[in-house]
Structures are given as C-alpha cells and as structure tokens.
Amino acid sequence: TEDVQQKDEL
Amino acid sequence: MNVFRLAGDVSHLVAIIILLVKIWRSKSCAGISGKSQVLFALVFTTRYLDLFTVFISAYNTIMKVVFLAMSYATVYLIYMRFRNMYDSENDTFRVEFLLVPVIGLSFLENYAFTPLEILWTFSIFLEAVAIMPQLFMITKTGEAESITTHYLFFLGLYRALYIANWVWRYHTEEFFDQIAVVSGVVQTIFYCDFFYLYVTRVLRGKAKMILP
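Chains as they are written, first to last, in the numbering used here: chain L, 1 to 10; chain B, 11 to 222.
Here's what the structure looks like:
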C-alpha cells in the first residue's frame, strides 16, 4: 500500500 | 487548486442544482432515477467522513457540506416529498450488481486497509458507476427531458474537467492518484455515448432527447 497522500479533491 | 479543478467543482455544483431545482419547480421526479441519487448521496457520505478528521480549506469543507446537503435534499424530494411521482417501474436497475463488485474491489485495491481509506476507495469506485441506473432508465424509456440531459451534461463535464485537472497536476506538481484517476477515466467513458446523443439531439433544440 502506497503512503496515503493528502486528499484535497472533492 | 487549478482552473480545471475549480471549473469541475462548479460544473458538478451546477448539475446538482439543475436537478434539485427541476424536481422542486416541476413538483415531479418523472424520468429521474432515484437509485442513482441514493448512490450519489452514499458516495458523498462515505467520501466526506474526513470532514470530521482533517481540515483542508474553507472551500473544501463548504463544498463538501453543500454537496452532502443537496444530494440528501434530492433523495428526500424523490422518495418522500414527490414519491407519488417517482417512476419506480422504470427505475429498475439492480444496484446490488454495482454495490457488490464495488465493495469487493475497495477491499482489494486501496491505499491503506483502514476504515476511512476503504470507505474513501468505495466512494471513488461507486461514483464511477452511480450514474448507471439513470442512463439505464433513459435507455429503457427511450427518452429524457431536456433538463435531465443538461443535468447529465454538467455531470459529465465535471468528470472531463477533473481529468484535465489530473493532467495539469501531474505535469505541474507530479501529483498522481492512481485509484481516483483510473476510476475517474472509467466514469467519464460512460458519459461519452450520452455526450454524442446530447450534442446531436438536445443541442439541436429538441424538447426531449429521443434515443434511436
């Protein structure tokens, strides 16, 4: 599992 | 935030407003798939749980609250307020055929095996197929009111603009969200056939989009 990136999209 | 992303969110907001106003003013939800609207409310519910865990920006928070409120308002109008106008015999798409694979896939393919991540992944995959009951209903009835087609147009435009947003972000900030991009491309492809009908029929001034 990749690092969980910031989810800034709707 | 780039212009494609902003235009996409605005287009999405316009689509939701078009539908909500149409149902409210016509006091009817004929030709609208309630199932798709329930699926969209589920998409927003499972995706926006991070409202309570992270603060990204005022814009992000406000848009999430607005999308949640309007999608639930739409479901309320269809299934409560104007339920006697709900076209249930044409809204027959088996949503379990969507939910089961989407749930399975979100457990298999995700960025982290945590409740929030799996629910987010579920919402991404579900959004890709949430419009299917609506498109199925249109093929079944063979027609769609022009307002409904405008709703679908702006929904498709929102997805197309998000792809442009991802291309832009990939080239400017090396951003690439594989799950969101793959699912978003699949979702946009579902609109292609509709876009063709929309341009060839609705934009020619036809009151209704009659399928061939």
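Glycine is no exception: its CB is placed at the ideal position from the N, C-alpha and C atoms. From a predicted model like this one, the values you see are computed outputs, not experimental measurements.
Local Cβ density within 10 Å of residue i, reported as buried at 16 or more and exposed below that
i: Gly114(B); result: exposed
i: Lys45(B); result: buried
i: Tyr172(B); result: buried
i: Pro143(B); result: buried
i: Thr210(B); result: exposed
i: Ile220(B); result: exposed
i: Arg57(B); result: buried
i: Glu183(B); result: exposed
Chain-ordered neighbours of residue i on chain L, where CB pairs are closer than 7 Å
i: Asp203(B); result: Under the 7 Å cutoff, chain L gives no residues; its nearest Cβ is about 25 Å from Asp203(B).
i: Ile66(B); result: Asp8
Spatially closest choice to residue i from the options, by CA coordinates
i: Leu162(B); options: Leu145(B), Arg35(B) and Tyr58(B); result: Leu145(B)
i: Gln223(B); options: Ala140(B), Leu167(B) and Ser156(B); result: Since the first residue of chain B shown is 11 and the last is 222, residue 223(B) is not available in this structure.
i: Leu165(B); options: Asn100(B), Trp176(B) and Phe200(B); result: Phe200(B)
i: Asn100(B); options: Val212(B), Ala17(B), Glu153(B) and Ile220(B); result: Glu153(B)
i: Phe205(B); options: Glu183(B), Thr158(B), Tyr89(B) and Arg104(B); result: Thr158(B)
i: Leu59(B); options: Ile28(B), Leu167(B), Cys202(B) and Phe132(B); result: Phe132(B)
i: Ile42(B); options: Leu87(B), Ala122(B) and Ser21(B); result: Leu87(B)
i: Val195(B); options: Leu213(B), Glu119(B), Phe50(B) and Tyr168(B); result: Tyr168(B)
i: Ala106(B); options: Arg214(B), Asp19(B) and Leu49(B); result: A small fix is needed here, since residue 106(B) is Glu in this sequence, not Ala. Here the closest residue by C-alpha is Leu49(B).
i: Val191(B); options: Leu207(B), Cys202(B), Asp203(B) and Ala174(B); result: Ala174(B)
Endpoints, alpha helix (DSSP H) assigned at residue i
i: Ala154(B); result: No alpha helix (DSSP H) contains Ala154(B), which is instead part of the beta strand (DSSP E) from Glu153 to Glu155.
i: Ile28(B); result: Val13 to Ser36
i: Arg231(B); result: A question about residue 231(B) goes unanswered here, because the residues of chain B that appear run from 11 up to 222.
i: Gly194(B); result: Gln188 to Thr210
i: Ile113(B); result: Glu106 to Leu118
i: Val64(B); result: Per DSSP, Val64(B) belongs to no alpha helix (DSSP H) and is neither H nor E.
Spatial neighbours of residue i in its chain, beta-carbon cut-off 6 Å, leaving aside the 5 residues before and after
i: Glu137(B); result: Val53
i: Thr1(L); result: Residue confidence for Thr1(L) is low, a pLDDT of 46 falling below 50, so the modelled location carries little weight; the figure read from the coordinates is stated next. Excluding sequence neighbours, Thr1(L) sits near nothing in its chain.
i: His160(B); result: Ile28
Cβ neighbours of residue i in the same chain (closer than 7 Å, five flanking residues each side left out)
i: Met95(B); result: Ser38, Cys39 and Ala40
i: Trp34(B); result: Leu87
Contacts that residue i makes with chain L (C-beta to C-beta distance below 9 Å)
i: Asp60(B); result: Lys7
i: Ala190(B); result: Lys7 and Glu9
i: Phe77(B); result: Leu10
i: Ser74(B); result: A small correction: the amino acid at residue 74(B) is Lys; Ser does not occupy that position in the sequence shown. Leu10, listed in chain order.
Partners in chain L for residue i, counting only beta-carbon separations shorter than 8 Å
i: Ile88(B); result: Neighbours of Ile88(B) on chain L: none; closest Cβ ~23 Å, over 8 Å.
i: Trp130(B); result: Lys7
i: Asn70(B); result: Asp8 and Leu10
Close beta carbons around residue i, own chain, < 8 Å, minus the five adjacent residues each side
i: Tyr180(B); result: Phe186
i: Leu109(B); result: Leu136
Segment limits, beta strand (DSSP E) that includes residue i
i: Met73(B); result: Not the beta strand (DSSP E): Met73(B) falls in the alpha helix (DSSP H), residues Ala68 to Tyr86.
i: Ile220(B); result: Lys218 to Ile220
Under 8 Å from the C-beta of residue i: neighbouring residues of chain C
i: Arg15(B); result: The structure shown contains no chain C; its protein chains are L and B.
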